[in-house]
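Counting from 1, position 153 in the sequence shown corresponds to residue 153 in the UniProt record's numbering; the numbering is continuous, with no gaps. First the structure, in the form of structure tokens, and then the observations on it.
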Amino acid sequence: MHDPTNPASQAPNGMYGFDVPTHCGETEQDNTWEKDWMVFFRDRRIKSLVDRIGDEDIKQLGKTLCDEVIPFLLTDFHPAPVPVIIHGDLWSGNISVNRQTGEPVLFDPSSYYGHSEVELGIMKMFGGRTNAFFEEYHKHRHRSEPHHEERIRYF
Numbered sequence: 001m002h003d004p005t006n007p008a009s010q011a012p013n014g015m016y017g018f019d020v021p022t023h024c025g026e027t028e029q030d031n032t033w034e035k036d037w038m039v040f041f042r043d044r045r046i047k048s049l050v051d052r053i054g055d056e057d058i059k060q061l062g063k064t065l066c067d068e069v070i071p072f073l074l075t076d077f078h079p080a081p082v083p084v085i086i087h088g089d090l091w092s093g094n095i096s097v098n099r100q101t102g103e104p105v106l107f108d109p110s111s112y113y114g115h116s117e118v119e120l121g122i123m124k125m126f127g128g129r130t131n132a133f134f135e136e137y138h139k140h141r142h143r144s145e146p147h148h149e150e151r152i153r154y155f
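Written out as structure tokens, the structure reads:
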């Protein structure tokens, strides 16, 4: 997972998405393939949720998010993100260790090929990982600039 240099981790078609819909909790996620990360995340992750909201004021905030914030945060990456397989809901409650083998075990995936930073946002939101974890992660996976920290908070 998350290794843009490993062909087994990369999307087979170089695009963002997945061959079938997945679920994050009870929410079905549209994984229709998309060439552009910003378009995939805006339309397949956020806009689909905003469209379900009944409150018009919140819906308007969602429109602003989709029209202004997401394009600002999810374009002009350096380096450009390579679509890699991600868990999709990676937080401390979905990670454990097999007591017999010591191998890591991941639960409840909602996998798709996306930008690995999404996982970092979810992990920070729910806690359970130290700054040392994130520092070590970034020794192996470079930060996409600009706006890395802002994107992590957003995700």
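Note that the Cβ used here is the ideal one computed from N, Cα and C, for glycine as well. Small disclaimer: the values here were computed from a predicted structure and weren't measured.
Query, Result
"VAL20, buried or exposed, once every other Cβ within 10 Å from all chains shown has been counted against 16", "exposed"
"Beta-bridge partners of GLN10, as assigned by DSSP", "VAL84"
"Other residues of its chain near SER111: CB distance less than 8 Å, five sequence neighbours each side excluded", "PHE18, THR22, ILE85, ILE86, HIS87, GLY88"
"Separation of GLY25 from LEU49, as counted between CA atoms", "13 Å"
"Status (buried if at least 16 other CB within 10 Å, exposed otherwise) for ASN31", "buried"
"Touch test, the segment 65 to 78 against the segment 40 to 56, Cβ-Cβ under 8 Å, three pairs minimum", "yes"
"Close-in-space but distant-in-sequence residues of the same chain around LYS124 (CB under 7 Å, 5 per side omitted)", "ILE152"
"Cβ-based neighbour list, ALA11, same chain, cut-off 6 Å, excluding 5 preceding and 5 following", "PRO83, TYR113"
"Limits of the unbroken alpha helix (DSSP H) element including ASP60", "Note on identity: in this sequence residue 60 is Gln, with Asp being the wrong assignment. Counting along the chain, the alpha helix (DSSP H) containing GLN60 begins and ends at 56 to 64."
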